[in-house]
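Student: Numbering-wise (the working numbering), the sequence shown opens with residue 7 and increments by one.
Okay, here's the structure, questions in a sec.
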Amino acid sequence: MHRGFLWGMVLGSTLAVTPLATADPTTLPDVVRATFVLATPDTSQAGPITPGVTLNQQNWQLAEPVLPVEVLRLLQAGDLTITVQATTDMPIRESYVTATAANVRKVALNGGYKIDHYQGGRPFPVIDPNDPRAGEQVAWNFRYRDMPNTMEMRGTMQGVNNNGTIDRSNIGRMRVRYGMDRVGQEENDTQWQARGIRVKAMFESIAPSDQEGFMRITTMYDDENTPYDDLSYSPQNRRTRKGYVNLMTRMGGGRYDVLSEEQPPFFFIGYLHEYTWTYKGEQVMLMPGFVQGDQLTFAGKNNWYPATPWELRRVVVLESTPKGTHPYSKRTFYLDAQTYTPLCVLSYDPQGDFVRLTLMVHANPDFVPGANGVRLPVPLGATWVSFAQDHASQMITAHHLFSEDFSPRRFELMELLRKGK
């Protein structure tokens, strides 16, 4: 078992840096309010893991208490080097906290396909580890974490072989709009709400040239009884097609070891009812930090690992096991406890062997002009290191824009036809 710390014990001298908002959820009980803030510093447990320290093959033992053993072995082998930065305070937006306070006693689990009486905020702010459905509650918190009302970015998906060479790539533009359960001044879309549409995501391919102009709009519903659907346009035959999303296909037509349900910028859109979720507790761990910049680069063995600082963060550890056939018998998610941002995922094959490491990197919005003052983590990209394939798949995003005024009409059939002319 991982030798982690209780979440209230540690952040030590790394606690500091850039407060991102002044929301004070005073309307919530103390036990609820504590889930939205950083833990009380305790320098006695942080030891030598302080800002500016570099961890590598020579001093990997220092990180033993605060890294998953699978990542620690990579550090010990010299596959990556970790530079530590001060812990970023990422307070939740006041509007999200207010919505949590308004709904905290109303929200309830049902049969697993949706949650009842949810209207915004964190559905289950306090997790009881003795509750047999605690893992399911954490999964819904992850699903309904605070996200921008709209976001747009340019994404480069690339494959990197065991020589550190990029051997495949795709470039596209992503645009996302939420339609339900918005908070504060963000308004629900009445038509989408009536149809139960939680979010729509549009992707337009830019390169390579033989895929330029391909477009897809994915619709995700609030109730998992309604399967996600896809509306796509092919420039080769100038036709549109509608179908259901196969979340088990691999991205890029199988070119990347990333399931469709793991696609950025969400990093998990799978159907929650198809998994058994187990809450493994909270720990302070060393995880990819919130970057003070808007660019992601890679380094380490084969250029597979993010060349960005890590930081000590209180994380929620969530284990996912599929109820049916699946490429992975188990995945362990490490979610930032303050924001529920995904930071790391460990994936295991059907035999139970660790076969893939996913590291997700987000930026501090104060350093991303396109965040437009929306104080939420900005997805910079990720790496999926497949040890079974001796290959890494990577996503790099750029040209980030939050809270643009995207009309709902830009996520409908007529938009595909208009852009496809």
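A virtual CB, placed ideally from N, CA and C, is assigned to each residue, including glycine.
Could you check how far apart the C-beta atoms of A107 and L61 are, in whole angstroms? I think they sit under 8 Å.
Tutor: Sequence index remark: in the sequence shown, residue 107 carries index 101 (1-based). Sequence index remark: in the sequence shown, residue 61 carries index 55 (1-based). Not quite, the Cβ-Cβ distance comes to about 40 Å (not below 8 Å), so this is no contact.
Student: How would you call K206, buried or exposed, if buried means at least 16 neighbouring beta carbons within 10 angstroms?
Tutor: As a first step, residue 206 is located in the sequence shown; it is residue number 200 there, counting from the start. Under this definition K206 is a buried residue.
Student: Under a three-way DSSP split, which group does R6 fall into?
Tutor: Absent from the structure is residue 6, since the part of the chain shown begins at 7 and ends at 427.
Student: Rounding to the nearest angstrom, what Cα-Cα distance links T284 and D216 in this structure?
Tutor: Stepping through the sequence shown from its first residue, residue 284 is reached at position 278. Stepping through the sequence shown from its first residue, residue 216 is reached at position 210. If you take the alpha carbons of T284 and D216, they lie about 43 Å apart.
Student: Just the C-alpha distance for L423 and Y239, rounded to the nearest angstrom, thanks.
Tutor: The residue you call residue 423 lines up with position 417 of the sequence shown. The residue you call residue 239 lines up with position 233 of the sequence shown. Those two C-alpha atoms are separated by around 8 Å.
Student: Counting pairs of Cβ atoms below 8 Å between the region 341-356 and the region 67-87, do you hit three or more?
Tutor: yes
Student: Between the alpha carbons of G376 and G118, how many angstroms are there, rounded?
Tutor: Indexing the sequence shown from 1 puts residue 376 at position 370. Indexing the sequence shown from 1 puts residue 118 at position 112. Rounded to the nearest angstrom, the two C-alpha atoms are 36 Å apart.
Student: Starting from V113, trace the beta strand (DSSP E) both ways and give me its first and last residue.
Tutor: The residue you call residue 113 lines up with position 107 of the sequence shown. For V113, no beta strand (DSSP E) segment is defined, and its DSSP state is neither H nor E.
Student: Go to W66, then tell me how far its alpha helix (DSSP H) extends in each direction, as first and last residue.
Tutor: Within the sequence shown, numbered from 1, the residue matching residue 66 stands at position 60. No alpha helix (DSSP H) holds W66; DSSP gives it neither H nor E.
Student: So what does V3 bridge to, in DSSP terms?
Tutor: Any answer about residue 3 is impossible in this case: the structure gives the chain only from 7 up to 427.
Student: Can you check DSSP and say which residues form a bridge with W198?
Tutor: Translated into positions along the sequence shown, residue 198 becomes position 192. W198 is not bridged to any residue.
Student: Using 8 Å for Cβ pairs, my map puts P383 next to T347. What's the rounded Cβ distance?
Tutor: Along the sequence shown, read from residue 1 onward, the residue named residue 383 stands at position 377. Along the sequence shown, read from residue 1 onward, the residue named residue 347 stands at position 341. At roughly 5 Å, the Cβ-Cβ gap stays under 8 Å, so P383 and T347 are in contact.
Student: Helix, strand or coil: which one does DSSP assign to G141?
Tutor: Along the sequence shown, read from residue 1 onward, the residue named residue 141 stands at position 135. In the structure shown, G141 sits in a helix (DSSP, three-state: H, G or I).
Student: For the pair the region 189-197 and the region 227-244, tell me if three or more CB-CB distances fall below 8 Å.
Tutor: no
Student: Excluding five sequence neighbours on each side, which residues of the same chain lie with their C-beta closer than 6 Å to the C-beta of T255?
Tutor: As a first step, residue 255 must be located in the sequence shown, where it is residue number 249. Only S266 meet the Cβ criterion.
Student: Nearest CA to the CA of R261: which residue from Q63, A69, Q82 and S392?
Tutor: The residue labelled residue 261 in the question sits at position 255 within the sequence shown. When only C-alpha atoms are compared, the closest one is S392.
Student: Who are the Cβ neighbours of G202 in its own chain at under 7 Å, not counting the five residues just before and after it?
Tutor: Your numbering for residue 202 matches position 196 in the sequence shown. Excluding residues within five positions, the ones whose Cβ falls inside 7 Å are Y227, D228, D229 and T232.
Student: Sorry if obvious, but does the Cβ on I133 come closer than 7 Å to a heavy atom of the ligand SAM?
Tutor: As for the ligand SAM, it is missing from this structure, which has no ligand bound.
Student: State the DSSP-derived secondary structure class of A313, mapped to helix, strand or coil.
Tutor: Here residue 313 is taken as the residue at index 307 of the sequence shown, counted from 1. Reduced to three states, the DSSP call for A313 is coil.
Student: In chain order, what residues of the same chain have a beta carbon less than 7 Å from the beta carbon of L80, not counting five sequence neighbours either side?
Tutor: Residue numbering aside, residue 80 sits at position 74 when the sequence shown is read from its first letter. L86, listed in sequence order.
Student: By DSSP, does K336 sit in helix, in strand, or in coil?
Tutor: On the sequence shown, residue 336 is found 330 positions in, with the first residue counted as 1. Strand.
Student: Throw me the rounded Cβ distance for the V110 and T41 pair, which I believe falls under 8 Å.
Tutor: Counting from 1 along the sequence shown, the entry for residue 110 is found at position 104. Counting from 1 along the sequence shown, the entry for residue 41 is found at position 35. Not really, about 11 Å apart at Cβ, beyond 8 Å.
Student: Short of 8 Å in beta carbon distance, which residues of its chain neighbour P129, apart from the five on each side in sequence? Order them along the chain.
Tutor: Taking the first residue of the sequence shown as 1, we reach residue 129 at position 123. Hits under 8 Å: N109, V113, I121, Q143, W146, N147 and Y150.
Student: Between L407 and E158, which are expected to be in contact by the criterion C-beta below 8 Å, what is the C-beta distance as a whole number of angstroms?
Tutor: As a first step, residue 407 must be located in the sequence shown, where it is residue number 401. As a first step, residue 158 must be located in the sequence shown, where it is residue number 152. Correct: roughly 4 Å between the Cβ atoms.
Student: Per DSSP, K206 is paired with what?
Tutor: Position 200 of the sequence shown, counting from 1, holds the residue named residue 206. DSSP links K206 through a beta bridge to R183 and T225.
Student: Tell me whether S101 sits in a helix, a strand or coil according to DSSP, three-state version.
Tutor: The residue labelled residue 101 in the question sits at position 95 within the sequence shown. Three-state result, S101: helix.
Student: Let me check one thing: in DSSP terms, what residues is Q269 bridge-paired to?
Tutor: Taking the sequence shown and counting its residues from 1, one reaches residue 269 at position 263. The partner list for Q269 (beta bridge, DSSP) is empty, contrary to what the question assumes.
Student: K248 lies in the beta strand (DSSP E); which residues open and close that run?
Tutor: Taking the sequence shown and counting its residues from 1, one reaches residue 248 at position 242. Bounds of the beta strand (DSSP E) holding K248 are R245 to Y250.
Student: Determine which residues share a DSSP beta bridge with V264 and list them.
Tutor: Here residue 264 refers to the residue found at position 258 of the sequence shown. According to DSSP, which records beta bridges pairwise, V264 is partnered with nothing at all.
Student: Taking the alpha carbon of G58 as the point to measure from, which residue in P71, V90 and V43 has its own alpha carbon closest?
Tutor: Sequence index remark: in the sequence shown, residue 58 carries index 52 (1-based). When each option's Cα is compared against that of G58, the closest is V90.
Student: As a quick exercise: from D152, A140 and V322, pick the residue whose alpha carbon is nearest that of Q289.
Tutor: As a position in the sequence shown, residue 289 is number 283, starting the count at 1. Residue V322 is the option with its Cα nearest to Q289.
Student: Tell me the rounded alpha-carbon separation between Q82 and N252.
Tutor: Locating residue 82 in the sequence shown gives position 76, counting from the first residue. Locating residue 252 in the sequence shown gives position 246, counting from the first residue. Spanning the two alpha carbons is a distance of roughly 38 Å.
Student: Please go through the same chain and pick out, in chain order, the residues whose beta-carbon is closer than 6 Å to the beta-carbon of P414, but skip the five residues on each side of it.
Tutor: Taking the sequence shown and counting its residues from 1, one reaches residue 414 at position 408. In its chain, beyond the 5 residues on either side, D195 have a beta carbon closer than 6 Å to the beta carbon of P414.
Student: Determine the extent of the alpha helix (DSSP H) in which R39 is found, giving its start and end residues.
Tutor: On the sequence shown, residue 39 is found 33 positions in, with the first residue counted as 1. Taken as a continuous stretch (DSSP letters only), the alpha helix (DSSP H) holding R39 covers D36 to R39.
Student: Over the uninterrupted beta strand (DSSP E) stretch that includes E421, give me the two end residues.
Tutor: Start at 1 with the first residue of the sequence shown, and residue 421 comes out as number 415. E421 -> not in any beta strand (DSSP E); alpha helix (DSSP H) instead, spanning L419 to K425.
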